[in-house]
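Chains as they are written, first to last, in this note's numbering: chain A, 543 to 742; chain B, 543 to 742. For every residue, glycine included, the Cβ atom is placed at its ideal position computed from N, Cα and C. Structure record follows, encoded as structure tokens.
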DNA sequence: TTACAATTTAACCATTTGGTTAAATTTACT
DNA sequence: AGTAAATTTAACCAAATGGTTAAATTGTAA
């Protein structure tokens, strides 16, 4: 059965994604991944030698999702405020489709014994945002702020609700649909904050 | 040796706190806690019957820290903006002294098999903030916003940097002292955002 | 049909881990 | 000194878990 070599491999990866994203590394069991993929443990190890290998494979995929390129935003014609507004919209939509992403990446990176994962962090995102801010500051198009503080704030306002999702749902008596609605409404809300904060 | 019954118990709790906060439930080992407390596993189980009991003990302590009462803030003479500003200062200072607190509480609550912990969430904090917002909105002292969105934003701006601390340190080339400095500077920064967002 | 790769089955191994037990030892208090 | 509680030591258990192995079975392609 050589037909679709990737078929089983894909099933494994899809299953591993779900398990790892929900339970993290130490909370995940290889048996659970095999079960969810509809295969057995022997075959699982036949495809991926070890839990570590499989996990790193998933993590690599996820970290690039967490820090997307978003090249279309970084157009010289865009103002800093427009770039941030675009980022807010794109990023919240991205996270709505991948709600477990932030907690997964951040808990993984926080594990003291896996600091090697830190090496995979990109830095271009923050640097490019800073450059655009400095440009618009010089043009008098934005108010003066500490740009790193502002960027981390925008990031936090987008990301935090997904990490605190169970808390939010409980405290505001929301179900999953209402949470999605809440996050959709959040896009113009946060964009509004940024305008008020930055516009001179 | 009846002298200080609490002495060993306190050593255990202090050790359990450090281990659990850093590694979470499934990442923590009873042996590590015993080692850090300077005792052996037998004695550890002599004081706390099981890992679950010990963990719940720690979690209860921590969740009340995560959602402090801050009664002094909720004074009728304070404006909503003053209340938020006070909250930002108090909360960031609290987290500076307990940097692992947010990730610990949130990851614990997110574990699907421990949803019982959700029951321990308070709701008074959000409700009281909402009441003060509505009052000041009626008085024309604040701009119109979706108050739940605003409150979660303030929360996120305070909490998120601590959860993403290793990422932030890496991306901005900071050491621990510089991170502390960054968070200290963050207090007036976020307070400034709130004023710009809310003042009519 | 043959040959080879994919898959299953099932037993097995070594290690880790939460937890127990019983006996010995130390400590404090009377 | 005697007693009871605190602590240590060390062996032990059972379950969970990552990983291996070998043999059998199934599917595919030549």
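Item, Value
"Neighbour flag for residue 728 of chain A against chain B, beta carbons, 8 Å", "yes"
"Outcome for residue 703 of chain B when other beta-carbon atoms lying within 10 angstroms are tallied against a minimum of 16", "buried"
"With 16 other Cβ atoms within 10 Å as the buried cut-off, status of residue 562 of chain A", "buried"
"Rounded distance between the beta-carbons of residue 713 of chain B and residue 644 of chain B, thought under 8 Å", "Between residue 713 of chain B and residue 644 of chain B the Cβ distance is about 19 Å, and since that is not below 8 Å, they are no contact."
"Member of B/564, B/612, B/627 and B/605 whose CA lies at the smallest distance from the CA of residue 739 of chain B", "B/627"
"Cβ shell of residue 616 of chain A (< 8 Å), same chain only, five flanking positions each side left out", "625, 670 and 674"
"Expected contact under 8 Å - CB spacing of residue 605 of chain B and residue 710 of chain A to nearest Å", "Residue 605 of chain B to residue 710 of chain A, Cβ: 15 Å. No contact."
"Same chain, Cβ closer than 7 Å to residue 560 of chain A, neighbours up to 5 away in sequence not counted", "578"
"Rounded straight-line distance, which links the Cα of residue 708 of chain A to that of residue 677 of chain B", "28 Å"
"Proximal chain B residues relative to residue 714 of chain A, where beta-carbon distance stays under 8 Å", "668 and 690"
"Residue 668 of chain B burial status per 10 Å Cβ neighbour count (16 or more: buried)", "buried"
"Limits of the unbroken alpha helix (DSSP H) element including residue 682 of chain B", "Per DSSP, residue 682 of chain B belongs to no alpha helix (DSSP H) and is neither H nor E."
"Residue 558 of chain B beta carbon less than 8 Å from that of residue 596 of chain B", "yes"
"Closer than 7 Å: residue 689 of chain A CB and nearest the ligand NAD heavy atom", "Absence of the ligand NAD from the depicted structure is noted, as is the absence of any ligand whatsoever, leaving it without description."
"8 Å contact criterion, which residue 634 of chain B and residue 725 of chain B should meet: CB distance rounded", "6 Å"
"Where the alpha helix (DSSP H) containing residue 580 of chain B begins and where it ends", "First-last for residue 580 of chain B: undefined, no H or E at that position."
"Terminal residues of the alpha helix (DSSP H) in which residue 662 of chain A lies", "Premise fails: residue 662 of chain A is in no alpha helix (DSSP H) and is neither H nor E."
"Proximity of residue 568 of chain A and residue 569 of chain B at Cβ, strictly below 8 Å", "yes"
"Burial state of residue 722 of chain B (16 or more Cβ within 10 Å)", "exposed"
"Burial state of residue 720 of chain B, where buried means 16 or more other Cβ atoms lie within 10 Å", "exposed"
"Chain B contacts made by the region 569 to 584 of chain A, where a contact means CB separation under 8 Å", "569"
"Assumed close pair residue 737 of chain B, residue 623 of chain B - CB separation to whole angstroms, cut-off 8 Å", "6 Å"
"Coarse secondary structure for residue 716 of chain A, derived from DSSP in three states", "coil"
"Chain B contacts made by the region 647 to 658 of chain A, where a contact means CB separation under 8 Å", "648, 649, 651, 652, 653, 654 and 657"
"Residues in the region 679 to 704 of chain A having any Cβ partner in chain B nearer than 9 Å", "685, 687, 688, 690, 691, 692, 694, 695, 697, 698, 699, 700, 701, 702 and 703"
"Those runs of the alpha helix (DSSP H) which lie wholly inside the region 547 to 614 of chain A and span at least 4 residues", "547 to 569, 572 to 579, 583 to 589 and 593 to 608"
"Min CB distance residue 706 of chain B to chain A below 8 Å", "yes"
"Opening and closing residue of the alpha helix (DSSP H) in which residue 624 of chain A lies", "622 to 639"
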